[in-house]
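Just so you know, the sequence shown maps onto residues 1 to 345 in full-length UniProt numbering. Built from N, CA and C at the ideal position, the CB exists for glycine as well. Just so we're clear, the structure is a prediction, and the values are computed from it rather than from any experiment.
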Amino acid sequence: LQEDHVKLKLTITETSEFGDQLNKEDSAAVILDYINKQYDAYLREEMKAKRDLQAYHDTRVHVCLYFVSPTGHSLKPIDLVTLKALDGHVNIVPLIAKSDTITKGDLQKFKARILSDLNDHGIRVCQFPTDEEEVSEVNAKLNALIPFAVVGGDEPLYSLAAKGGGGARTARGRQYPWGAVCVDDETHCDTAPLRAALLLHNTEHLRQLTRELHYENYRRRRLLELGFSEEDGLSLGELHERQRESLAAAMRSAKDAQHQLTLQRAGEIDAKVERDIAALVARKNAQEKRDAERAARLSAASRALDEEIAEFRRRQKEQQQQKPPVSRSQRGGGSSSGGLFSSLK
């Protein structure tokens, strides 16, 4: 949007399929999750070491236009659940959709019931500031119109005369067989006051309220979840640096603990290896001792056997030396049979 060389980047997000969920709380969760994601994206940009918030495309939601079905009775349970969930997270401006389906008298009663339901359930909606002299009177009138009764219509109407006796002008509206509804006519609906409230008188107020209240509340909750503590006098950069130092210290502590654990495991392994080596050496020494004892026994047995053999040979030799010699007559004489036997022998 651009007016008098002033550019305004306006983003409208439609919550399609809202209310189709079986669980009413799920409907609110979808919208709230989207709002928080925009806050989180801005917080991430804000926490960057090199950031340029002036050039950053701010997608935070500055106002939620909540359309209420024109039942003419009161707010539906899904409306109460959703509005209660959104309260405190975004600026809420309630609207009565298709207000041309309700008579003027019923419309005022319906507005009163809606405000009563909101008050009974402790739901806060956006109230435009009246403490500034320039807009106090205008905003007082705008606050009296909440919830705004709006009518949608894109059909061009040419039969409306301009105020002050001017010629005919083109306006947007809706044509019926019995007449026309002009969305820009304040006697027909509150669309024109709503546009003036949002884009003319309170644009910066909505941005400021989002920045200083809703976003700051989200930012505080998110930082607490990340481990930051609320301390006065510390900027976001200082908090980020403190958190970085805390994480670095935690990493060093974890690294030291891992190093100590590695040393402990290495010591346990070395001790086990030493015990195994000692056990192997002990078994080796025991085996060598057994082998030496066996060798000694075998050597002793071998020496004893050699001594017995030597003793046996010595005795045999002594016996041979002590045997008397045989005479020749005894070797060659005697009977013939004996001689024959000797010859045959």
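Residue environment for Val151: buried (at least 16 other C-beta atoms within 10 angstroms of its C-beta). The segment 140-156 makes contact with the segment 109-122; the number of CB pairs closer than 8 Å reaches 3 or more.
In this structure Ala266 is exposed. Its beta-carbon is surrounded by fewer than 16 other beta-carbon atoms within 10 angstroms.
A direct Cα-to-Cα measurement between Asp131 and Leu142 gives close to 14 Å. Remark: three or more beta-carbon pairs, one from each stretch, lie closer than 8 Å, so the segment 86-95 and the segment 48-68 are flagged as touching. Listed as beta-bridge partners of Ile269 by DSSP are no residues whatsoever.
In terms of Cβ geometry, Tyr218 and Leu43 form a close pair [threshold 9 Å]. With fewer than 16 other CB atoms across the displayed protein chains lying within 10 angstroms of its CB, Gln322 is exposed.
A straight line joining the alpha-carbon of Leu10 with that of Asp58 spans about 11 Å. Leu118 places its beta carbon less than 9 Å from that of Leu75. Per DSSP, the unbroken alpha helix (DSSP H) holding Ala192 starts and ends at Thr191 to Ala196.
Under the DSSP assignment, Ala180 falls in the beta strand (DSSP E) whose first and last residues are Gly179 to Cys182. For His214, the number of other beta carbons within 10 angstroms of its own is at least 16, and it is reported as buried.
Val138 and Pro193 have their C-alpha atoms roughly 10 Å apart. The Cβ-Cβ distance between Lys50 and Pro70 does not fall below 9 Å. Straight through space, the alpha carbons of Leu226 and Cys182 are spaced by roughly 52 Å. Between Val81 and Ile114, the CB-CB gap reaches or exceeds 9 Å. Short of 7 Å from the beta carbon of Glu45, and not among the five residues preceding or following it, lie these beta carbons of its own chain, in chain order: Arg51, Leu53 and Tyr56. Beta-bridge partners of Tyr66 (DSSP): Pro94. Between Lys84 and Ile31 a beta carbon distance of about 12 Å is seen, past the 8 Å cut, so the two are scored as non-contacting. Taking the Cα positions, Tyr39 is about 53 Å away from Ile269.
Counting of Cβ neighbours within 10 angstroms places Arg174 among the buried residues, the total reaching 16 or more.
Residue pairing of Tyr176 in beta bridges, as defined by DSSP: Gly179.
Only buried fits Ser27, as 16 or more other CB atoms lie within 10 angstroms of its CB. Per the DSSP secondary-structure output, Gln2 pairs in a beta bridge with Lys7.
Within 10 angstroms of the beta-carbon of Thr103 lie fewer than 16 other beta-carbons, which makes it exposed.
Rounded to the nearest whole angstrom, the C-alpha separation of Leu280 and Arg290 is 15 Å. Shown here, Phe110 sits in a helix according to DSSP, grouped into three states. Around the beta carbon of Asp120, fewer than 16 other beta carbons sit within 10 angstroms, so the residue counts as exposed. By the neighbour-count criterion, in which a residue is buried when 16 or more other Cβ atoms sit within 10 angstroms of its Cβ, Asn23 is exposed. For the options Asn36, Lys7, Arg283 and Arg252, the alpha carbon positioned closest to that of Leu86 is the one of Asn36. Annotated as proximal: Leu8 and Thr203, with beta-carbon spacing under 9 Å. Annotation: the segment 112-161 contains the following complete segments of the alpha helix (DSSP H) (minimum length 4 residues), in chain order: 136-145. Val125 places its beta carbon 9 Å or farther from that of His201.
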